[in-house]
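Each remark here refers to the structure printed beneath this line.
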Amino acid sequence: MIHPPSDNQPAWCPGCGNFGILKVLDRAIEAAGVDRDKLVLVSGIGQAAKTPHYTRANVFNGLHGRALPAATGIKLANHRLEVVVTSGDGDMYGEGGNHFLHTLRRNIGVKMFVHNNQVYGLTKGQASPTSDPGFVTKIQTHGVVLAPVRPLALAIVEDCSLVARSFAGDPEHLEAMMVAALKHTGGTVLLDILQPCITFNRVNTFKWYKERVRPVSGDHDPYDRAKAMALALEWGDEIPIGVIYRSKRPSFESQQPVLAKGTLVDQFAAGT
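In structure tokens, the structure reads:
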């Protein structure tokens, strides 16, 4: 169903990076000229997964880590819809990690907006797949010992159609990246959004990111896979934000002859 603008206040902590993402998402939808009647926001479980309920769009809220299978089914049933998944780093890269990889392999026209705060916020502060080594939590009391998932690098390995990163503390940049993602045609989009959690992650704060994020240089060629991979692996004193990689690989939908006859929904309704 299409949700009207919610009268409910978002259930996020005051100062949460999700507020900025929500505000920019609404602006980007308008700036990109997306018809909200044909927009479907899909989510799983988590703080980021609440986002669709606070804006006006068709919404499907699924299980933890299972947003992408639902989004894939929606996109194939009616490939004329704009399908956007809003998930957190745990929901997408942890519980949903297997679906993340295979969605990238298919290169289906689903846009992934991942709110990456490097922690599980809904369940009160456990380390997430993107937490840095040494990050201390109530569970990881001696610090994280696992290597973090590098989502941009994984997406480039699987030749994702568009790979980008932005920061919740830079609304102008974030809007530009969201608009680019929404206007993109031809396959899967990953937009990884650095989103500080002010309650459970006191390390990767707004200040921490502002001291480190830098726009990708204007002479960067996003079609150069090797250089894109090098950028995707940069993390620490400098963190690149912007369009990291583009691929010319055809989308999954464009390789399905049955979709040339119209949407599967229309074909089913017509009995064909």
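Per our numbering: the sequence shown = residues 1251 to 1522. Positions of the beta carbon are idealized from the N, C-alpha and C atoms, including for glycine.
Can you tell me whether residue i sits near the ligand PLP, meaning its C-beta is under 7 Å from at least one heavy atom of the ligand?
| i | result |
| --- | --- |
| residue 1357 | This structure simply doesn't include the ligand PLP, nor any ligand for that matter. |
Exposed or buried, residue i, counting other C-beta atoms within 10 Å across all chains shown (16 or more means buried)?
| i | result |
| --- | --- |
| residue 1463 | buried |
| residue 1251 | Confidence at residue 1251 is low in this model, with a pLDDT of 42, below 50, so the placement of that residue is unreliable and no value is reported for it. |
| residue 1298 | buried |
| residue 1474 | exposed |
| residue 1518 | exposed |
| residue 1508 | exposed |
| residue 1369 | buried |
| residue 1401 | buried |
| residue 1360 | buried |
| residue 1510 | exposed |
| residue 1280 | exposed |
| residue 1389 | exposed |
| residue 1327 | exposed |
| residue 1503 | buried |
| residue 1278 | buried |
| residue 1422 | exposed |
| residue 1468 | exposed |
| residue 1438 | buried |
| residue 1345 | buried |
| residue 1270 | buried |
Is it the case that the Cβ atoms of residue i and residue j are separated by a distance below 8 Å?
| i | j | result |
| --- | --- | --- |
| residue 1399 | residue 1343 | yes |
| residue 1444 | residue 1418 | yes |
| residue 1294 | residue 1316 | yes |
| residue 1432 | residue 1307 | no |
| residue 1321 | residue 1309 | no |
| residue 1403 | residue 1482 | yes |
| residue 1451 | residue 1367 | yes |
| residue 1523 | residue 1420 | In the structure as shown, the chain begins at 1251 and stops at 1522. Residue 1523 is therefore absent and cannot be evaluated. |
| residue 1318 | residue 1353 | yes |
| residue 1272 | residue 1260 | yes |
| residue 1531 | residue 1371 | Outside the modelled stretch of the chain, which goes from 1251 to 1522, sits residue 1531, for which no answer is possible. |
| residue 1491 | residue 1472 | no |
| residue 1391 | residue 1375 | no |
| residue 1493 | residue 1430 | yes |
| residue 1290 | residue 1331 | yes |
For the alpha helix (DSSP H) containing residue i, list its first residue and its last residue.
| i | result |
| --- | --- |
| residue 1314 | Counting along the chain, residue 1314 falls outside any alpha helix (DSSP H), and DSSP gives it neither H nor E. |
| residue 1356 | 1347-1356 |
| residue 1407 | 1401-1407 |
| residue 1510 | Looking at the DSSP string, residue 1510 is not in any alpha helix (DSSP H), and its letter there is neither H nor E. |
| residue 1518 | 1514-1520 |
Nearest by alpha-carbon distance to residue i: which of the options is it?
| i | options | result |
| --- | --- | --- |
| residue 1382 | 1317, 1453, 1353 and 1519 | 1453 |
| residue 1496 | 1331, 1436 and 1352 | 1436 |
| residue 1300 | 1365, 1351 and 1347 | 1365 |
| residue 1267 | 1466, 1471 and 1456 | 1456 |
| residue 1397 | 1407, 1389 and 1385 | 1385 |
| residue 1304 | 1275, 1430 and 1393 | 1275 |
| residue 1441 | 1393, 1412 and 1480 | 1412 |
| residue 1288 | 1312, 1380 and 1329 | 1329 |
| residue 1484 | 1337, 1415 and 1505 | 1415 |
| residue 1486 | 1469, 1476 and 1460 | 1460 |
| residue 1325 | 1521, 1312, 1468 and 1515 | 1515 |
| residue 1380 | 1355, 1347 and 1362 | 1347 |
| residue 1501 | 1434, 1269, 1262 and 1270 | 1434 |
| residue 1337 | 1331, 1362 and 1323 | 1362 |
| residue 1314 | 1284, 1350 and 1285 | 1350 |
| residue 1478 | 1406, 1296 and 1277 | 1406 |
What residue does the beta strand (DSSP E) around residue i start on, and which one ends it?
| i | result |
| --- | --- |
| residue 1421 | Per DSSP, residue 1421 belongs to no beta strand (DSSP E); it is in the alpha helix (DSSP H), 1421-1433. |
| residue 1417 | 1412-1417 |
| residue 1495 | 1489-1496 |
| residue 1443 | 1439-1444 |
Strictly under 8 Å for the Cβ-Cβ distance: is residue i near chain D by that measure?
| i | result |
| --- | --- |
| residue 1484 | Absent from the structure is chain D; it holds one protein chain and no more. |
- Task: Quick one: which unbroken beta strand (DSSP E) runs of 3-plus residues sit fully inside the segment 1258-1316? Chain order, please.
- Result: Counting only runs of at least 3 residues, the segment 1258-1316 fully encloses the following beta strand (DSSP E) elements, listed from N- to C-terminal order: 1289-1293 and 1308-1311.
- Residue ranges of each beta strand (DSSP E) within the segment 1319-1399, 3 or longer: Here the runs fully enclosed are 1332-1338 and 1360-1366.
- Whole beta strand (DSSP E) elements within the segment 1445-1494, 3-residue minimum: You should have 1463-1465.
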